[in-house]
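Trainee: Have a look at this one.
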Amino acid sequence: MLDLDDELMQRYQKGDEGAFTLLVRRHQQPLINFIARFINDRDNAEDLAQETFIRMFKAAHRYEPGRAHFKTWMYHIAKNLCKNEIRNRERRDKYRVDNVVNSGSDNNGDTEEIDLIANAPANPTFQPEVELERKELRNAIQKAIAELPEQYRLPLVLRDLQGLSYDEISEVLELRSGTTKSRINRARLMLKDKLKPFI
Amino acid sequence: MNCLQAEEHFSAHFEDTLDYQTLHGFEVHLAACEACQQEYAKFQESVKVVQQLPQIEPSPYFMPTLLQRIAEEQREIGGVKGIATAGWQRLLDVFRRPVWAFSGVLALILAVTGTYLYQDGFLFDRDTGSAAITSESQEVRVVAPPVRARRVLGNNGQRLPDGGTSTPVQPMQQHYVLKQVSYTNASTRGGL
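Taken in sequence, the protein lines are chains C and E. By the numbering used here, the letter at position 159 of the first sequence is numbered 159, and the numbering carries on one by one without gaps. By the numbering used here, the letter at position 114 of the second sequence is numbered 313, and the numbering carries on one by one without gaps.
Set out below in structure tokens:
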């Protein structure tokens, strides 16, 4: 039995161009999140997400529904693009603008805060200090994730932020199930140590 | 189970995937070890806050830009396909004339063979207007006429008044006689 993604791919392969657009709409947000958390850069995340979809579009005729999973295929391509991006960044020794995901969250957070401040008189439950704490915690979490070694960061992001199963993560990362579980546990232990001051 | 071993099972316990024996060992250790209790509590808390991180919304330009890029890619692919198609057509043009010539010759051979077989009556019986290859007509063709019939039938198929011997029947004539027999049988069967 084919899942919805496979069905949409089949429809696209048969000439329904709208099916691919629907697939993009379904997966754009998780993909951007994954890339942004992994490379710690929101602006580039959208570019890489677009590149991922373009590559999938080009290779769509080779996709065999039922044999591979659309989601794992997508994350596999995105992972490789992210690794290339990180490698190129390191090679060029380019300074990393701290336009990190937090700034994305910041933007959202700022907007949220502005809205909250604007509505403050009408919102008696508004507590600026609580909001500030939340924001600090989010920044700390993102920083902690970004500091994890790549081999731990990838499975952690896929598991705890993208919600993939262990089997799916093993498929994306081409790892054994035991290795995947062990790396995720290790990554969580590292995060726990890094987040101790905040929790 | 010691503290390091217990730490190895934090995720599995958090996700409730431990088997009974390991679960029992883990919980016995945790009940006895205050340090592990604290570590495990912090572990659970940190996993939860990570999982609750807000989702990043795509910018409003993401989808339009991507659709535009896809359209460009489609045009490029179409262009490449067009070039490839034109190339194939050029290649086919080379073979087109011999193919037509071969088809013409083949059609001619089929027409000649068909006409020959029709005239010979192999495919179509002109007399009966039906397919010549029937069990009855085949039988008539294969089985030679009885000696008596050969004696009493003349060249034109009429009985001689004296019942004496007639001139020997030639192969072609014999064939004609047999066809007549077939014709008679067919007509009789038709209700006459």
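We put the beta carbon where it would ideally sit given N, CA and C, even for glycine. None of these values were measured; they are calculated from a predicted model.
I'd like to know whether the C-beta of M392/E is nearer than 9 Å to at least one C-beta of chain C.
Mentor: No answer is possible for residue 392/E: it lies beyond the span of chain E, which begins at 200 and ends at 391.
Trainee: Do the stretch 5–13 of chain C and the stretch 233–243 of chain E meet, that is, are 3 or more Cβ pairs less than 8 Å apart?
Mentor: no
Trainee: What does the alpha-carbon distance come out to for the pair G66/C and A60/C?
Mentor: On the first sequence, position 66 is the one that residue 66/C refers to. On the first sequence, position 60 is the one that residue 60/C refers to. Distance between the alpha carbons of G66/C and A60/C is about 14 Å.
Trainee: Any contact of the stretch 65–84 of chain C with the stretch 167–185 of chain C, i.e. 3+ C-beta pairs under 8 Å?
Mentor: yes
Trainee: Below 7 Å between beta carbons is the criterion; list the residues of the stretch 138–170 of chain C that meet it against any residue of chain E, in chain order.
Mentor: Residues passing the 7 Å Cβ filter: R138, I141, D160 and L161.
Trainee: When DSSP labels each residue in this structure, what does P128/C get in the three-state scheme?
Mentor: The count along the first sequence starts at 1 and reaches residue 128/C at position 128. Here P128/C sits in helix by DSSP.
Trainee: So K192/C contacts chain E; which residues on that side make the cut at Cβ distance below 7 Å?
Mentor: On the first sequence, residue 192/C is found 192 positions in, with the first residue counted as 1. Here the neighbours are K241, F242 and S245.
Trainee: Step through the CB atoms of chain E and report whether any lies within less than 9 Å of the CB of L189/C.
Mentor: To locate residue 189/C, count along the first sequence from 1; it is residue 189. Yes, its Cβ sits closer than 9 Å to a Cβ of chain E.
Trainee: From E133/C to I199/C, what does the alpha carbon distance come to, in whole angstroms?
Mentor: As a working note, residue 133/C is residue 133 in the first sequence. As a working note, residue 199/C is residue 199 in the first sequence. Cα-Cα distance, rounded: 11 Å.
Trainee: Residues of chain E with CB under 9 Å from V130/C, in chain order?
Mentor: As a first step, residue 130/C must be located in the first sequence, where it is residue number 130. Going along chain E, no residue has its Cβ under 9 Å from V130/C, so there is no contact; the nearest lies around 14 Å.
Trainee: Applying a beta-carbon distance threshold of less than 9 Å, which residues of chain C neighbour L266/E?
Mentor: Position 67 of the second sequence, counted from the first residue, corresponds to residue 266/E. What L266/E touches in chain C: T21 and V24.
Trainee: List, from N- to C-terminal side, the alpha helix (DSSP H) runs of 4 residues or more that fit wholly inside the stretch 220–288 of chain E.
Mentor: 233–250
Trainee: What does Q254/E reach in chain C if we use C-beta pairs closer than 7 Å?
Mentor: What you label residue 254/E is simply residue 55 of the second sequence in a count that begins at 1. In chain order: Q29 and N33.
Trainee: Expressed to the nearest angstrom, what Euclidean distance is found between the alpha-carbon atoms of E214/E and P259/E?
Mentor: The residue labelled residue 214/E in the question sits at position 15 within the second sequence. The residue labelled residue 259/E in the question sits at position 60 within the second sequence. Between E214/E and P259/E, the C-alpha separation is close to 36 Å.
Trainee: For E256/E, which option in A45/C, E64/C and I54/C has the closest C-alpha, if you only look at C-alpha atoms?
Mentor: To locate residue 256/E, count along the second sequence from 1; it is residue 57. If we check each option's Cα against that of E256/E, A45/C comes out closest.
Trainee: Within 9 Å of any Cβ in chain C, is that where the Cβ of A211/E sits?
Mentor: Along the second sequence, read from residue 1 onward, the residue named residue 211/E stands at position 12. Yes, its Cβ sits closer than 9 Å to a Cβ of chain C.
Trainee: Comparing C-alpha positions only, which one of L154/C, I39/C, Q13/C and R62/C sits nearest to R87/C?
Mentor: Along the first sequence, read from residue 1 onward, the residue named residue 87/C stands at position 87. For R87/C, the nearest C-alpha among the options comes from I39/C.
Trainee: Tell me which residue opens and which closes the alpha helix (DSSP H) that M190/C is part of.
Mentor: Position 190 of the first sequence, counting from 1, holds the residue named residue 190/C. From DSSP, the alpha helix (DSSP H) with M190/C extends over S177 to K194.
Trainee: Would R159/C and I141/C be called neighbours here (beta carbons separated by less than 9 Å)?
Mentor: By 1-based counting over the first sequence, the position of residue 159/C is 159. By 1-based counting over the first sequence, the position of residue 141/C is 141. Their beta carbons are not under 9 Å apart, which means R159/C does not touch I141/C by this criterion.
Trainee: Between the Cα of L161/C and the Cα atoms of F34/C, K14/C and V24/C, which residue gives the shortest distance?
Mentor: Position 161 of the first sequence, counted from the first residue, corresponds to residue 161/C. Taking only the C-alpha atoms, the option nearest L161/C is F34/C.
Trainee: Let me see if you follow: with CB-CB separation under 9 Å, is K14/C close to chain E or not?
Mentor: Counting from 1 along the first sequence, the entry for residue 14/C is found at position 14. Closer than 9 Å: no.
Trainee: For L48/C and E244/E, what's the separation of their Cα atoms in angstroms?
Mentor: Within the first sequence, residue 48/C is the residue found at index 48, counting from 1. Within the second sequence, residue 244/E is the residue found at index 45, counting from 1. Cα-Cα distance, rounded: 32 Å.
Trainee: Output yes or no for whether 9 Å exceeds the beta carbon distance between Q13/C and L265/E.
Mentor: Locating residue 13/C in the first sequence gives position 13, counting from the first residue. Locating residue 265/E in the second sequence gives position 66, counting from the first residue. No; because the gap between Cβ atoms is not below 9 Å, this pair is not in contact.
Trainee: How big is the Cα-Cα spacing for Q50/C and R92/C?
Mentor: Indexing the first sequence from 1 puts residue 50/C at position 50. Indexing the first sequence from 1 puts residue 92/C at position 92. The straight-line gap from Cα to Cα measures roughly 23 Å.
Trainee: Going along the chain, which residues of the stretch 41–59 of chain C sit with their C-beta nearer than 8 Å to a C-beta in chain E?
Mentor: R42, A45, E46, A49, Q50, F53, I54, F57 and K58
Trainee: I'd like to know whether the C-beta of K181/C is nearer than 9 Å to at least one C-beta of chain E.
Mentor: One-based indexing of the first sequence puts residue 181/C at position 181. Yes, because at least one Cβ of chain E sits closer than 9 Å to the Cβ of K181/C.
Trainee: Relative to the alpha-carbon of E272/E, which residue among E17/C, R188/C and N139/C has its alpha-carbon at the smallest distance?
Mentor: As a working mapping, residue 272/E is identified with position 73 in the second sequence. Relative to the Cα of E272/E, the nearest Cα in the group E17/C, R188/C and N139/C belongs to E17/C.
Trainee: If V248/E sits next to L22/C, beta carbons under 8 Å apart, how far is it from one beta carbon to the other, in whole angstroms?
Mentor: In the second sequence, residue 248/E corresponds to position 49, counting from 1. In the first sequence, residue 22/C corresponds to position 22, counting from 1. About 33 Å separates the two Cβ atoms, so there is no contact after all.
Trainee: Check P197/C in the structure and name its three-state DSSP category.
Mentor: Taking the first residue of the first sequence as position 1, residue 197/C is located at position 197. Helix.
Trainee: Should L156/C and F209/E be called a contact, given that it needs their Cβ atoms to be closer than 9 Å?
Mentor: Looking up residue 156/C in the first sequence gives position 156. Looking up residue 209/E in the second sequence gives position 10. Contact: no.
Trainee: Is the beta carbon of M56/C sitting closer than 9 Å to the one on I32/C?
Mentor: Within the first sequence, the letter at position 56 stands for residue 56/C. Within the first sequence, the letter at position 32 stands for residue 32/C. Against a cut-off of 9 Å, the Cβ pair of I32/C and M56/C comes out as no contact.
Trainee: Report the partner residues of P155/C according to the DSSP bridge assignment.
Mentor: Counted from its first residue, the first sequence places residue 155/C at position 155. The partner list for P155/C (beta bridge, DSSP) is empty, contrary to what the question assumes.
Trainee: By Cβ distance below 6 Å, which residues in the same chain neighbour L191/C in space, the five residues on each side in sequence not counted?
Mentor: As a first step, residue 191/C is located in the first sequence; it is residue number 191 there, counting from the start. Here the set comprises A144.
Trainee: So, using beta-carbon positions, are G224/E and M200/E closer together than 9 Å?
Mentor: Residue 224/E sits at position 25 when you count from the first residue of the second sequence. Residue 200/E sits at position 1 when you count from the first residue of the second sequence. It is a contact, given that the beta carbons lie within the stated cut-off.
Trainee: Of all the options A146/C, I54/C and R176/C, which has the alpha carbon lying nearest to the alpha carbon of R42/C?
Mentor: Taking the first residue of the first sequence as position 1, residue 42/C is located at position 42. Comparing Cα positions, the closest option is A146/C.
Trainee: Starting from N88/C, trace the alpha helix (DSSP H) in both directions and tell me its first and last residue.
Mentor: If you number the first sequence from 1, residue 88/C lands on position 88. Counting along the chain, the alpha helix (DSSP H) containing N88/C begins and ends at F70 to R92.
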